[in-house]
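Trainee: One structure follows; several queries about it will come next.
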């Protein structure tokens, strides 16, 4: 962060620079380099291995869309599992659903949780909720070994470098399938179809192979400089496009609403053609 | 473009950098600084006053969405006026509609047209079409003085600095209203609701004051680093959200389709609340 600007090199020919007011924390954990910075225009920001994970100002887009689309289309999301997401943003959104009885959260890097609780309390607000059980563990092992069956599983992974790379594999998705109840549903963040097209293609193809219903949906995250960001929902029974009957409206959201839910599944022509 | 990188300063605390393979042209016209560069990952790029207007790789998003949303919802878009858009991208899309009989295009800066024809022929492809009439003129004057009545008017302006600033004023929109047929429709690019929120608010408020039907719609342009980009459609009769009956499907588009048309009007909660 020389010269009080933080530079993120997105691709060899493209980078962005944020003005830094203050670097609040930096450490090398056993898994990754972890930085918390206060940016001039985006507020406090979590940076892992040199990549901005989210900023306080726009984190609501990603966290609302990974959580509420599956939780609003599953009619009884009582048992929920989150893989990754140690910052707590996805957990915070999941806990807004009154039907949720228990959330298991599996994060490999204890320091992400501890540091986000210290520096980003507005995001990491759900760890004290009595429904939350935090497991510091490798998501791969956890899913393979759990005897639990979940209604909804969310994979809130960082980009497929560092510890997250296994979370995109077909064998992991098979274990996920087996950890889901007979009418269970999965949602994963599946990267930018433009910037990380090969990963996007792989995730969707692997899930289509395993689940009877697979649907891509999109959101626009201002600080992800890539156009549309993708999520993929994969389901055994319910169609993620359809909002379940009798689903309570959640007040106070900043991105998600029922129109946005349905619209997120309308894919631009170039993405449709990519999916074949 | 020192060191073969082009830097665009979006806000005081945020900038992006593109690797430049070659600078193809640069001049100061009577209206603005005009640059054509070949970027490493985005192809040929039009830059006006230091701001990227579009790149070859993703220009289709903006141009398809400003043109096809109004032209697919108006049942007989025969007489069309484009204000600005001297690069020709919007013109190219308008001419794809078989019902279009005539397009008047009013661009203030002759050099934008000439240079885009020379360096971006895939974008500036519509100027030789017999339906096109190019007027090198100030859009403000043209609209005030034209006796013509248009079915659809598109305002394809650059950001409200330099020559484009008048194109956001209420008095200009009143002249537009008068230049539209009794069932005419307008679409304008209305900036990023996040980065240029005040301009966005002003455009929408001015149009709501004048037109019976005003609707905001969104698209995600990868090289506009701002999350959703907004357009506003304002109409005397037809609802821009509804695709007209019997509208022919246009083949070969890369972003627009009928699902995307409707989905573009589903606004995230923070934009709905901003609109009040």
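Protein chains in written order, with our numbering: chain Y, 1074 to 1349; chain G, 1074 to 1349.
In this text, a Cβ means the ideal position worked out from N, Cα and C, and glycines have one as well.
(1) On a CA-only basis, which of 1155(Y), 1156(Y) and 1188(Y) is nearest residue 1110(Y)? Give me that one, please.
(2) So, is residue 1075(G) buried or exposed, given that buried needs 16 or more other C-beta atoms within 10 angstroms?
(3) 8 Å is my cut-off, CB to CB: does residue 1327(G) come that close to chain Y?
(4) Any idea if residue 1165(G) is buried or exposed, counting beta-carbon neighbours within 10 angstroms, 16 or more meaning buried?
(5) Residue 1323(G) CB to nearest chain Y CB: under 8 Å?
(6) Report buried or exposed for residue 1244(Y), applying the criterion of at least 16 other Cβ atoms within 10 angstroms of its Cβ.
(7) Going along the region 1082-1096 of chain Y in order, which residues come within less than 8 Å of chain G, judged by CB to CB distance?
(8) Using DSSP with H/G/I as helix, E/B as strand and the rest coil, what is residue 1271(Y)?
(9) How should residue 1156(Y) be labelled, buried or exposed, when 16 other C-beta atoms within 10 angstroms of its C-beta is the threshold for buried?
(10) Taking residue 1311(G) and residue 1148(G) to be in contact with their CB atoms under 8 Å, please state how far apart those CB atoms are, rounded to whole angstroms.
(11) Could you run through the region 1210-1239 of chain G and flag, in chain order, every residue whose CB is less than 8 Å away from some CB of chain Y?
(12) Name the chain Y residues whose beta carbon is nearer than 7 Å to that of residue 1336(G)?
(13) Can you list, in chain order, the residues of its chain with a C-beta nearer than 6 Å to that of residue 1091(G)? Leave out the 5 residues immediately preceding and following it.
(14) So is residue 1074(Y) in contact with chain G if we call contact Cβ pairs under 8 Å?
(15) In chain order, what residues of the same chain lie with their CB nearer than 8 Å to the CB of residue 1227(Y), ignoring the 5 residues before and after it?
(16) Using only alpha-carbon positions, find the residue among 1108(G), 1206(G) and 1306(G) that is nearest to residue 1250(G).
(17) Would you say residue 1222(Y) and residue 1253(Y) are within 8 Å of each other, going by their C-beta atoms?
(18) Is it right to say residue 1279(Y) is buried, meaning 16 or more other beta carbons lie within 10 angstroms of its own, or is it exposed?
(19) When you compare the CB positions of residue 1098(G) and residue 1192(G), do they come within less than 8 Å of one another, or not?
(20) Comparing C-alpha positions only, which one of 1146(G), 1288(G) and 1196(G) sits nearest to residue 1316(G)?
(21) Which bits of chain G does residue 1299(Y) rub up against, with CB to CB less than 8 Å?
(22) Please report the straight-line C-alpha distance between residue 1302(G) and residue 1318(Y), rounded to a whole angstrom.
(23) Quick one: residues in its chain with C-beta nearer than 6 Å to the C-beta of residue 1270(G), no 5 flanking neighbours on either side, listed in chain order?
(24) Considering only the beta carbon of each residue, do residue 1266(G) and residue 1288(G) sit closer than 8 Å?
(25) Using a threshold of 8 Å, state whether the C-beta atoms of residue 1343(G) and residue 1290(G) are closer than that.
(26) Identify every run of the beta strand (DSSP E) within the region 1217-1294 of chain G, keeping only runs that are complete inside it and at least 3 residues long; order them along the chain.
(27) Comparing C-alpha positions only, which one of 1172(Y), 1240(Y) and 1084(Y) sits nearest to residue 1114(G)?
(28) With distances taken from CA atoms, which of 1124(Y), 1087(Y) and 1137(Y) is nearest residue 1326(Y)?
(29) So what's residue 1079(G) in DSSP terms, helix, strand or just coil?
(30) Quick one: Cα of residue 1160(Y) to Cα of residue 1119(G), how far?
(31) Helix or strand or just coil, what does DSSP make of residue 1074(G)?
(32) Under 7 Å Cβ-Cβ, which residues of chain C neighbour residue 1343(Y)?
(33) Might you give, ordered along the chain, the residues of its own chain that have their beta carbon closer than 6 Å to the beta carbon of residue 1175(G), omitting 5 neighbours on each side?
(34) Consult DSSP for residue 1183(Y) and reduce its assignment to one of helix, strand or coil.
(35) Would you kindly work out how many angstroms separate the C-alpha atoms of residue 1190(Y) and residue 1096(Y), rounded to a whole number?
Mentor: Considering the structure as presented:
(1) 1188(Y)
(2) Low local confidence applies: a pLDDT of 45 at residue 1075(G) is under 50, so the model's placement there is unreliable, with the coordinate-based value given in what follows. Its Cβ having fewer than 16 others within 10 Å, residue 1075(G) is exposed.
(3) yes
(4) Its Cβ being crowded by 16 or more others within 10 Å, residue 1165(G) is buried.
(5) no
(6) exposed
(7) 1084, 1085, 1086, 1087, 1088, 1089, 1090, 1091 and 1092
(8) helix
(9) buried
(10) 7 Å
(11) none
(12) 1336 and 1339
(13) 1079 and 1112
(14) Any reading at residue 1074(Y) must be qualified, since the residue scores a pLDDT of 49, below 50, and its modelled position is unreliable; the value itself is stated next. Chain G, which has no Cβ nearer than 8 Å to the Cβ of residue 1074(Y), makes this no.
(15) 1139, 1140, 1143, 1153, 1154, 1155, 1156, 1158, 1163, 1167, 1259, 1260 and 1261
(16) 1306(G)
(17) Closer than 8 Å, so yes.
(18) With 16 or more other Cβ atoms within 10 Å, it is buried.
(19) Cβ distance < 8 Å, so residue 1098(G) and residue 1192(G) count as in contact.
(20) 1146(G)
(21) 1295
(22) 32 Å
(23) So no residue of the chain qualifies.
(24) no
(25) no
(26) 1223-1229, 1253-1262 and 1286-1292
(27) 1084(Y)
(28) 1137(Y)
(29) strand
(30) 40 Å
(31) Here residue 1074(G) scores only 49 on pLDDT, less than 50, and its place in the model should not be relied on; the value that follows carries that caveat. Of the three classes helix, strand and coil, the one that applies to residue 1074(G) here is coil, per DSSP.
(32) Protein chains Y and G are contained in the structure displayed, whereas chain C is not.
(33) 1152 and 1204
(34) Looking at residue 1183(Y) - three-state DSSP - the assignment turns out to be helix.
(35) 17 Å
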